[in-house]
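Chemist:
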Amino acid sequence: RCLGLRLGYGSVGGGCETLASLWGWPIPVNFLFSSPHLPCSMPIPRLPVPDSVLNMFRDKEEEVTDDSTKHGGRVRSFPHERGNWATYVYLPCEIQEELLELRELLVSRARRYAVSLTAMEEFHISLSQSVVLRYHWINPLVQSLKERVASFYRFFCTASQVKVYTNQHRTRTFVGLEVSCGHSQLLELVSEVDKVMEEFDLPTFYKNPSFHISLAWCVGDLTDKLEGQCLQELQEIVDGFEDSAFLLRFQWDQIRCRSGNKFFSFPLR
Amino acid sequence: MPELEETPVAAGEGKPELFFEEEDLQYEEEILRNPFSVKCWIRYIEFKQNAPRHVLNLIYERALKELPGSYKLWYNYLKQRRKQVKNRCVTDPGYEEVNNCHERALVFMHKLSPENAEEYIEYLRSIDRLDEAALRLATVVNDERFVSKEGKSNYQLWHELCDLISQNPDKVKSLNVGAIIRGGLTRFTDQLGKLWCSLADYYIRSGHFEKARDVYEEAIQTVMTVRDFTQVFDSYAQFEESMIAAKMETTSELGQEEEDDVDLELRLARFEQLITRRPLLLNSVLLRQNPHNVHEWHKRVKLYEGKPREIINTYTEAVQTVDPFKATGKTHTLWVSFAKFYEDNGQIEDARTIFEKATKVNFKQVDDLACMWCEYGEMELRHENYDQALRILRKATAIPAKKAEYFDASEPVQNRVYKSLKVWSMLADLEESLGTFKSTKAVYDRILDLRIATPQIIINYALFLEEHTYFEESFKAYERGISLFRWPNVYDIWNTYLTKFIDRYGGKKLERARDLFEQALDGCPQKYAKTIYLLYAKLEEEFGLARHAMAVYERATRAVQPSEQYEMYNIYIKRAAEIYGVTHTRSIYEKAIEVLSDEHAREMCQRFADMECKLGEIDRARAIYSYCSQICDPRTTGSFWQTWKDFEIRHGNEDTIREMLRIKRSVQATYNTQVNFMASQMLKVSSNATGTVSDLAPGQSGMDDMKLLEQRAEQLAAEAERDKPRAKEKILFVRSDASRSELAALSRQANPDEIDIEEEEEEGDESEENEPDEVQLEQQCVPSAVFGGLKTD
């Protein structure tokens, strides 16, 4: 190798060609470049930012005083920022007296296991994750959704299996009813919603989703407490609920999208 | 003696000599109005300066009667009186009078004494009692009512005091020098440099060198103007220098000691440091003067190169000091370079912090904040944090809590930046390369919704859509742009739109394309019509009907700017010839000749005639030439006549050539009569010298001398020619099939460029015309060459 290099230098008059042949040799890169002239990368000392600069415009900063009491101790999964519109797509559930009753039963039973559940005020099946939209995306996204779900027919599904869920960051735990019948229609819907999300490079729905209707929730990951004996008891309550077969059969006739404080509804055929 | 008569004082008590001259009246009126104004009296006196002494004295007396306390009047009066008796004998009674005058003056002026204080001080100085002199001077300076005899201002006196005490620190003991000068520093702010120097000078002279240095340091840290700074700095440098020189002298005299060596080195280092500090100090002065000078702040940072801590401090001070509304220069550049400084040091996180702070600054213009956001984004791009860059620009374009109009200066820029095209276009760029189709489209749509788009944005948008094969969407974008802009801004959009539309559909959507063209041409200014018409015609040619294409060209020739009409006709004729054949171009030519300017019509005629000629339609061609000749002044359009001549040589006969020449003359005559009549009158005399010329063309007398000379030369040449031996009388019978050479000979003889030949034709028509034959042709070459030479002369 050394020889090859010398050869290269020896015939410098040859110009490019010799240089090319020089490069043709399998010379290790570090051999060519480890010259003492090259500056050794000294760690540059870190320079401070003066406090007085850091303290500038403190008052103007958008105070994200996440007063957790305002939303029942929930923790934001993404920070609030101006121009961000939290958005999700779901199937809304009509509220029935009996269902509320069932919810109360479940909440009170869970209390026996030292889990203080908060009752959900409305019921739905999520078809997307919570995503962040820019304001100017809302309309095109809604438009796209409308076009994609327009061809879907109304359908039924049943949900009678009690299950415990946590959110992505395990900051909340939910007790819900898993969909047993109607799964395939839901999957089809999700795949359309996912396409819309992809159009904006937004996260798609979970892989192999377990569709469910959440009935109650609590802060933190309390899966351990709720699984097992407790879950079994909750399931018994549901199974034993009067007319449950009829009650836990849901009909879907519209899809909704919520973006910030805006609601959009897409009726099914 | 007149003096004797007037000197009895009290003004003009009915003295018979008292009378006013005409010019005096205005002065008299003035003093009547303001009898107690010294100025008025002085003015009167000045005016009367050269009047006889008794008149002058009288005015002084009158003035002093009104103003007996005026020192100025008395002073001048007494001076005047003394001058009047200057060369007289002491016994002259005039002296007595003047003495009386002085006595009287003393009666009134008994209170005026301090002016002598200056003399006294001067005296004290001269006998070297400086301490006392300084004391006196100080009391004078402090006395506000003091009036200087020498007309010095309070500042001047004060400055004298300064000089006195600072230069003689050893002798002036009873005054607190430092306090006095410092007092001056607050009082005379326009002389700070000088005063600081005096103060330092005092300490130097009293041997307090360290104190002097302190004074200098204080001075250069506080002065506000470059002038003061330079004064102090130069004096400071001089001081240090002389200190070093003195030190060196003493060491060389007393021999070296180690201690001295160190001391000297210290002094040298100090001096050196002072000199290197100069730019920075000067910069400080400028910033003290105007702390909102962005440029000076940048300069300061540069001066601190290699000293990061100082740079940070400078930036920190700068961004906190400069008020964007008072700033000269762009405030945001300070923030940008501040962030860049951290970025260059590999501290992206800190650079981000700076940018975040910068986005909250209350800038003067929206554009500044927009720049800030863009720079922030650019930084992230430099470090390949593409998502971060996208996030930043998305944040920049978010709708603020309170929406405000872009130009509403009463709102902070943060509430207006969401309408800045700058941030939006950068976001559009980023979305195009980093985002999705939909997110990019959303951005462009948003830009359009905000009504901040430019034609370029529209075109970019449409091209972007086209790239993603959304052709109809792309056309929709153009349509939107067209509805947003008016002519001429909409031109680029139309141009791109139409081109793209044809590229896409060709002839498939002909009706729609036609509609578009009609829409585009509706209201299109002349200036922009050409391209669109050409596109339109091209469309019709390629995909539509030739007839339509011709109609479009026809319309185009009328719709474009007059300067482009000729070109348009050329294209029209060319296309018509290609599509329908040349015969179809006749009507176009006719139209063109009718419409175009003379110059272009002439071109058209020649080409028209040429075409007819090629078609073998000699008569038509000739008719065209003949028609065209009406707009061809032979003096300026030689080429046309040459062309016609060539044509006749090829296709004509003697008659036709003669006819051509006849036309030429008549055209010439037409043009001649149009020449300024006055000019012809004026030159009549001179033109008589060359009678033939004026006979031939009286209007031509408007020509200059050179032309006249030329003509005379030609005349001579013609005469010479006439003297030549005559050839046999051969009648040249020229038919249309006459040989070329014969025709050439004929025409050369009738060379339209040579006026003399025409003259000859006038004079000796017959002989000339019959003359030429082969032999003579050769001979004739000579004279024509001679003419040519003369002509070019």
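As given, the protein sequences belong to chains X and E, one line each in that order.
Every number in the working numbering is 5 more than the matching position in the first sequence, counting from 1.
Every number in the working numbering is 83 more than the matching position in the second sequence, counting from 1.
Beta carbons are placed, not taken as given, at the ideal position from N, Cα and C, and that holds for glycine.
Values in this document were obtained by computation on a predicted structure and should not be read as measured data.
#1: Taking phenylalanine 438/E and alanine 422/E to be in contact with their CB atoms under 8 Å, please state how far apart those CB atoms are, rounded to whole angstroms.
#2: First and last residue of the alpha helix (DSSP H) that includes serine 270/X?
#3: Hey, would you say leucine 622/E sits closer than 8 Å to alanine 659/E, going by beta carbons?
#4: From glutamate 99/X to phenylalanine 128/X, what does the alpha carbon distance come to, in whole angstroms?
#5: Excluding the 5 residues preceding and the 5 following phenylalanine 408/E in the sequence, name in chain order all residues of the same chain whose CB lies nearer than 6 Å to its CB.
#6: Which residues in chain E have a C-beta closer than 8 Å to the C-beta of glycine 88/X? List them in chain order.
#7: Flag glycine 460/E as yes when its Cβ comes closer than 7 Å to any non-hydrogen atom of the ligand FMN, and as no otherwise.
#8: Judging by CA-CA distance, which residue of Pro495/E, Arg164/E, Glu336/E is the nearest neighbour of alanine 453/E?
#9: Given a cut-off of 8 Å on the beta-carbon distance, is the pair valine 500/E and alanine 511/E in contact?
#10: Is there a C-beta anywhere in chain X that falls below 8 Å from the one on tyrosine 425/E?
#11: Going by DSSP in three states, valine 644/E sits in which element: helix, strand or coil?
#12: With DSSP collapsed to three states, give me the class of cysteine 711/E.
#13: Spell out whether any CB of chain E is found under 8 Å from the CB atom of leucine 52/X.
#14: I want to see whether chain X comes within less than 8 Å of lysine 524/E, judged by CB atoms only; does it?
#15: Please determine, among Arg165/E, Cys172/E, Phe191/E, Arg171/E, the residue with the shortest C-alpha to C-alpha distance to asparagine 182/E.
#16: Going along chain E in order, which residues have a C-beta closer than 7 Å to the C-beta of proline 55/X?
#17: Can you pull the chain E neighbours of leucine 59/X, defined as C-beta to C-beta under 9 Å?
#18: Grab the span of the beta strand (DSSP E) containing phenylalanine 128/X for me, first residue to last.
#19: Looking only at its chain, what residues have a beta carbon closer than 6 Å to the beta carbon of alanine 302/E, apart from the 5 residues adjacent to it on each side?
#20: So if I threshold CB-CB distances at 9 Å, which residues from the region 215–236 of chain X count as touching chain E?
#21: Can you grab the Cα-Cα spacing for the pair asparagine 498/E / alanine 441/E, in whole Å?
#22: Counting only Cβ pairs nearer than 9 Å, list the residues of chain X close to asparagine 543/E.
#23: Could you please give me the residues that DSSP links to valine 169/X through a beta bridge?
#24: Report yes or no: is there a C-beta of chain X within less than 8 Å of the C-beta of lysine 521/E?
#25: Establish whether the CB of lysine 443/E and some CB of chain X are separated by less than 8 Å.
#26: Just to confirm my understanding: we take glycine 590/E, look at its own chain, exclude 5 residues before and 5 after, and list those with CB closer than 6 Å. What are they?
#27: Compare the C-alpha of alanine 943/E against each of His667/E, Arg630/E, Ala603/E and name the closest.
#28: Given that proline 391/E touches chain X, what residues does it touch there, using C-beta distances under 9 Å?
#29: Tell me whether the region 202–217 of chain X and the region 246–255 of chain X touch, counting them as touching only if at least three CB pairs, one residue from each stretch, are closer than 8 Å.
#30: What separation, rounded to the nearest whole angstrom, lies between the Cα atoms of tyrosine 672/E and tyrosine 574/E?
#31: At a CB-CB cut-off below 9 Å, which residues of chain X make contact with valine 402/E?
#32: I'd like the list of long-range same chain contacts for tyrosine 544/E, defined as Cβ closer than 7 Å, with 5 residues on each side in sequence excluded.
#33: Is histidine 174/X helix, strand or coil when you go by DSSP?
#34: In angstroms with no decimal places, state the Cα-to-Cα distance between leucine 599/E and leucine 476/E.
#35: Quick check on this structure: which residue in Lys267/X, Cys162/X, Ser219/X has the alpha carbon closest to the alpha carbon of leucine 122/X?
#36: From asparagine 108/E to leucine 115/E, what does the alpha carbon distance come to, in whole angstroms?
Modeler: To lay it out plainly:
#1: For the purposes of this step, residue 438/E is identified with residue 355 of the second sequence, where counting begins at 1. For the purposes of this step, residue 422/E is identified with residue 339 of the second sequence, where counting begins at 1. Rounded, the Cβ-Cβ distance is 5 Å, consistent with contact.
#2: What you label residue 270/X is simply residue 265 of the first sequence in a count that begins at 1. Premise fails: serine 270/X lies in the beta strand (DSSP E), 267–272, not in any alpha helix (DSSP H).
#3: Taking the first residue of the second sequence as position 1, residue 622/E is located at position 539. Taking the first residue of the second sequence as position 1, residue 659/E is located at position 576. Not closer than 8 Å, so no.
#4: Here residue 99/X refers to the residue found at position 94 when the first sequence is read from its first residue. Here residue 128/X refers to the residue found at position 123 when the first sequence is read from its first residue. About 7 Å.
#5: For this step, residue 408/E is matched to residue 325 along the second sequence. Taking C-beta separations shorter than 6 Å and ignoring five residues to either side along the sequence, the partners of phenylalanine 408/E in its chain run Lys447, following chain order.
#6: Numbered from its first residue, the first sequence carries residue 88/X at position 83. Near glycine 88/X (Cβ distances below 8 Å), the residues of chain E are Arg477, Lys478, Thr480, Ala481, Ile482.
#7: Among the components modelled here there is no ligand, and therefore nothing to report on the ligand FMN.
#8: Counting from one through the second sequence, the residue named residue 453/E turns up at place 370. The shortest C-alpha separation from alanine 453/E is found at Pro495/E.
#9: The residue labelled residue 500/E in the question sits at position 417 within the second sequence. The residue labelled residue 511/E in the question sits at position 428 within the second sequence. No, they are not a contact pair.
#10: Here residue 425/E is taken as the residue at index 342 of the second sequence, counted from 1. With 8 Å as the cut-off, tyrosine 425/E counts as an interface residue toward chain X.
#11: Residue 644/E sits at position 561 when you count from the first residue of the second sequence. At residue 644/E the sequence reads glutamine, which differs from the valine that was named. Coil at glutamine 644/E, not helix or strand.
#12: Residue numbering aside, residue 711/E sits at position 628 when the second sequence is read from its first letter. Correct three-state label for cysteine 711/E: helix.
#13: In the first sequence, residue 52/X corresponds to position 47, counting from 1. It does; some Cβ of chain E falls within 8 Å.
#14: Taking the first residue of the second sequence as position 1, residue 524/E is located at position 441. It does; some Cβ of chain X falls within 8 Å.
#15: In the second sequence, counting from the first residue as 1, residue 182/E sits at position 99. With distances taken between Cα atoms, asparagine 182/E lies closest to Arg165/E.
#16: Position 50 of the first sequence, counting from 1, holds the residue named residue 55/X. Within chain E, the residues near proline 55/X are Ile395, Thr399.
#17: On the first sequence, position 54 is the one that residue 59/X refers to. Simply Thr436, Lys440.
#18: The sequence position of residue 128/X within the first sequence is 123, counting from 1. Boundaries of the beta strand (DSSP E) around phenylalanine 128/X: 128–131.
#19: Against the second sequence, residue 302/E aligns to sequence position 219. Taking alanine 302/E as the centre and dropping the five residues before and after it, the same chain places the C-beta of Trp279, Val315 closer than 6 Å to its C-beta, in chain order.
#20: Of all residues in the region 215–236 of chain X, none comes within less than 9 Å of chain E when Cβ atoms are compared.
#21: Stepping through the second sequence from its first residue, residue 498/E is reached at position 415. Stepping through the second sequence from its first residue, residue 441/E is reached at position 358. Computed Cα separation, rounded: 15 Å.
#22: Position 460 of the second sequence, counted from the start, is the residue given in the question as residue 543/E. Under the 9 Å cutoff, chain X gives no residues; its nearest Cβ is about 17 Å from asparagine 543/E.
#23: As a working mapping, residue 169/X is identified with position 164 in the first sequence. Note: valine 169/X is bridge-paired with Val180/X in the DSSP secondary-structure output.
#24: Residue 521/E sits at position 438 when you count from the first residue of the second sequence. Closer than 8 Å to the CB of lysine 521/E there is at least one CB belonging to chain X.
#25: Residue mapping note: residue 443/E aligns to position 360 of the second sequence, counting from 1. Chain X, which has a Cβ nearer than 8 Å to the Cβ of lysine 443/E, makes this yes.
#26: In the second sequence, residue 590/E corresponds to position 507, counting from 1. Apart from the 5 residues on each side of it in sequence, glycine 590/E sits with its Cβ closer than 6 Å to the Cβ of Phe626 in its chain, given in chain order.
#27: Any question about residue 943/E goes unanswered here, given that chain E covers just 84 to 876.
#28: Taking the second sequence and counting its residues from 1, the one referred to as residue 391/E is at position 308. Result: Pro50, Leu52.
#29: The region 202–217 of chain X is not in contact with the region 246–255 of chain X.
#30: Walking along the second sequence from the start, residue 672/E turns up at place 589. Walking along the second sequence from the start, residue 574/E turns up at place 491. A direct Cα-Cα distance of roughly 31 Å separates tyrosine 672/E from tyrosine 574/E.
#31: The residue you call residue 402/E lines up with position 319 of the second sequence. For the C-beta of valine 402/E, the chain X residues within less than 9 Å are, from N- to C-terminus, Val58, Met61.
#32: Taking the second sequence and counting its residues from 1, one reaches residue 544/E at position 461. Closer than 7 Å at Cβ, skipping near neighbours: Tyr527, Ala560.
#33: By one-based count along the first sequence, residue 174/X stands at place 169. It is coil, neither helix nor strand.
#34: Within the second sequence, residue 599/E is the residue found at index 516, counting from 1. Within the second sequence, residue 476/E is the residue found at index 393, counting from 1. The alpha-carbon separation between leucine 599/E and leucine 476/E amounts to approximately 37 Å.
#35: Translated into positions along the first sequence, residue 122/X becomes position 117. Among Lys267/X, Cys162/X, Ser219/X, the Cα nearest to that of leucine 122/X belongs to Ser219/X.
#36: Reading the second sequence from its first residue, position 25 is the one you call residue 108/E. Reading the second sequence from its first residue, position 32 is the one you call residue 115/E. The amino acid at residue 108/E is misidentified as asparagine; the sequence shows leucine. About 10 Å.
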